[in-house]
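A quick write-up on the structure given underneath.
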Amino acid sequence: MRIALFEPEIAGNVGAVLRLGACMGAAVDLIEPMGFAWDDRRVRRTAMDYIDHVSITRHPGFDAFRATIGSGRLVLFTTKTTQSAYDFTYRADDILLFGKESAGVPPCVVEACDARVRIPLRPEVRSLNLATAAALALGEALRQTATLPG
3 MRIALFEPEI AGNVGAVLRL GACMGAAVDL IEPMGFAWDD RRVRRTAMDY
53 IDHVSITRHP GFDAFRATIG SGRLVLFTTK TTQSAYDFTY RADDILLFGK
103 ESAGVPPCVV EACDARVRIP LRPEVRSLNL ATAAALALGE ALRQTATLPG
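Here the numbering used here is used: the sequence shown runs in plain steps of one and ends on residue 152.
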């Protein structure tokens, strides 16, 4: 299982997702450009020493990232679908894709995905924080595939 972040904009969110990946055993792909300068100080502030326990791959763009997917499905988490993330059947080789905080992903990325799912929310709110959404998504995917750590 992998988590992919499309053009993330907030270093703290990336750090939190890196920590999540370290704790749950999921690799993290970062699709550039990012909205902040990548440096240990910014990212380590949130990821702390967990950054040493997660596989991180940076990709110069979406096409370069797509070339690494292999047989895994690309599952986009978006508010623009009706398919519940909890009614979706995950596979252990899925890549869970999350868009940038301010704008999600462009239509060409949506079209490149194998599935689109949403985390159900109350109608009066727009979306979850990126790291919170990734944690809920990864937890459900690992639970379904019987690959939770421990």
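Idealized CB from N, CA, C, for every residue including glycine.
(request) Determine the DSSP secondary structure at L20, reduced to helix, strand or coil. (result) What you label residue 20 is simply residue 18 of the sequence shown in a count that begins at 1. L20: helix per DSSP, three-state reduction.
(message) Taking the alpha carbon of Y92 as the reference point, which residue from H55, T149 and N15 has its own alpha carbon closest?
(response) Translated into the one-based positions of the sequence shown, residue 92 becomes position 90. Among H55, T149 and N15, the Cα nearest to that of Y92 is on T149.
(request) May I have a chain-ordered list of the alpha helix (DSSP H) segments no shorter than 4 residues that lie completely inside the segment 60-144? (result) 64-68 and 109-114
(request) Could you tell me which residues DSSP puts in a beta bridge with V30? (result) As a working mapping, residue 30 is identified with position 28 in the sequence shown. DSSP lists I5 and I58 as partners of V30.
(request) Tell me, please, whether the segment 117-133 touches the segment 80-96 by the rule of three or more beta-carbon pairs shorter than 8 Å. (result) yes
(request) Using alpha carbons as the reference points, say which of E103, D51 and A69 lies closest to L20. (result) Translated into positions along the sequence shown, residue 20 becomes position 18. Per the Cα distances, D51.
(request) Go ahead and pull the three-state DSSP assignment for M50. (result) Taking the first residue of the sequence shown as 1, we reach residue 50 at position 48. Of the three classes helix, strand and coil, the one that applies to M50 here is helix, per DSSP.
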